Every structure is written in C-alpha cells, then in structure tokens.
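Reminder that position 126 of the sequence shown reads as 128 in the numbering used here, one-by-one numbering, no gaps.
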Amino acid sequence: VKSNNNGRFHRLNKIWVLLAFAVLAIRCNVNPKSCVSDDVTNVIVYYLPKGINTDKAIRECNDIFFYNAVLRDTLISDKGFIDSLSYIINQLKPSEREVNYEFRIKMVLNLVDKKQIEVCLGEGYLISVDGNLMEDDTALFDLIDKSLYDKTDFMGFID
Numbered sequence: 003v004k005s006n007n008n009g010r011f012h013r014l015n016k017i018w019v020l021l022a023f024a025v026l027a028i029r030c031n032v033n034p035k036s037c038v039s040d041d042v043t044n045v046i047v048y049y050l051p052k053g054i055n056t057d058k059a060i061r062e063c064n065d066i067f068f069y070n071a072v073l074r075d076t077l078i079s080d081k082g083f084i085d086s087l088s089y090i091i092n093q094l095k096p097s098e099r100e101v102n103y104e105f106r107i108k109m110v111l112n113l114v115d116k117k118q119i120e121v122c123l124g125e126g127y128l129i130s131v132d133g134n135l136m137e138d139d140t141a142l143f144d145l146i147d148k149s150l151y152d153k154t155d156f157m158g159f160i161d
C-alpha cells in the first residue's frame, strides 16, 4: 500500500504559494502608490502660475484645465527627481480632516505598465493621490515648488 501523503504535501505547498501571491497582489492593488518607486517612467506636471486669482475655487483636480490660457505644463523624466517624488509619495499618510479644496497642480506619474497615478496639490498644502486626501507634507511642496518655479536652481530636473 502506497502512502498518499506526498501528493497532499505538494497540494498544500501549491495552495500556500497561491495564497502568498494573492496577498501580495491584493496589497499592491489596495495601496498602489507603494508599488511605483522604480516603475515611474516620467511625470507630466500641469500647473497654474503662482499668484493667479481664479474666479472660483478649483474643487476638482481636472478643473485646472478650464484655465488653459494660463495653464503651464512640463515633462520631467529625471531619475533623481522621480526617486525623490516616489519616496515622498510613499511616505504620505491618509488624512481624515475636512479641507477646502483649491487645486493648483496636477501631476500624472506614468508607469512602465501604462498605468498612471494622479497626484493633485493645492493651496494650503492640500494633497490628493488617486482621489484620496493625504496628510500635508512640506517636502513634497518644496520639491514641486523648486522644480516648477525655481527652474534655474533645480539641477536640470526639467526636460
């Protein structure tokens, strides 16, 4: 009589491997920003000039495109900038507080798998990542401010 324990052992191993892959896949889908560090190919930044007065508050990130006459954009593909941006985004924590939305900057992080991550920034250190409000982070605002408005001092990060 042959024992069937060897077959059960292999089936159990396969189940554990499948469960491990499922947990990893769910983790990346629940928190996609943690999966982007080395996968960002470039960042497209749409932004309004500093000090511009809008006729109404910009509540939706895409509404900055209504100001096409003054809207600026730039493509950033510098690895140093992308590494800094990815690191900061990965450190952001969800926010529970209510804020008045006043978006001024929209960043689209293009990933190697053709997916995108949308990061919106507003006055008063407002941050939204893929529609989720995040806690303030001065490092992110400093990085973006320096790259967009102080281009001559930014070590060539702007293409």
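Ideal Cβ placement from N, Cα and C applies to all residues, glycine included. Just so it is clear, the structure is predicted and the values come from calculations on it, not from any experiment.
Find the nearest neighbour of D162 within the set I84, I78, R99, K58, judged by alpha-carbon distance.
-> In the structure as shown, the chain starts at 3 and stops at 161, and residue 162 therefore has no counterpart that could be examined.
Nearest-angstrom Cβ-Cβ length linking A71 and E104, presumed shorter than 8 Å = Not really, about 19 Å apart at Cβ, beyond 8 Å.
Locate the beta strand (DSSP E) running through I46, then write down its first and last residues.
-> 42 to 49
In angstroms with no decimal places, state the Cα-to-Cα distance between D40 and C63.
-> 25 Å
Please name the residue in S79, N92, G124 whose C-alpha comes closest to that of N112.
-> S79
Return the CA-CA distance between F83 and L94, expressed in angstroms with no decimal places.
-> 17 Å
I1 (DSSP reduced to helix, strand or coil) = This structure leaves residue 1 out entirely; the chain is present only between 3 and 161.
Option nearest N44 by Cα separation, candidates K148, D132, M109, L135 = M109
Do you know how far the Cα of G133 is from the Cα of I119?
-> 10 Å
How would you write the range of the beta strand (DSSP E) that G124 sits in, first residue to last?
-> 118 to 124
Determine the extent of the beta strand (DSSP E) in which V108 is found, giving its start and end residues.
-> Residue identity check: residue 108 is Lys in the sequence provided, not Val. Run containing K108: 105 to 113, per the beta strand (DSSP E) assignment.
Limits of the unbroken alpha helix (DSSP H) element including D144 | 140 to 151
What's the call for V114, buried or exposed, on a 16-neighbour Cβ count within 10 Å?
-> exposed
Any idea what DSSP makes of S88, helix, strand or coil?
-> helix
Excluding the 5 residues preceding and the 5 following V47 in the sequence, name in chain order all residues of the same chain whose CB lies nearer than 7 Å to its CB.
-> D75, T76, I78, I107, M109, L150
My understanding is that L145 touches L87, with C-beta atoms under 8 Å, so please give their C-beta distance in whole angstroms.
-> 6 Å
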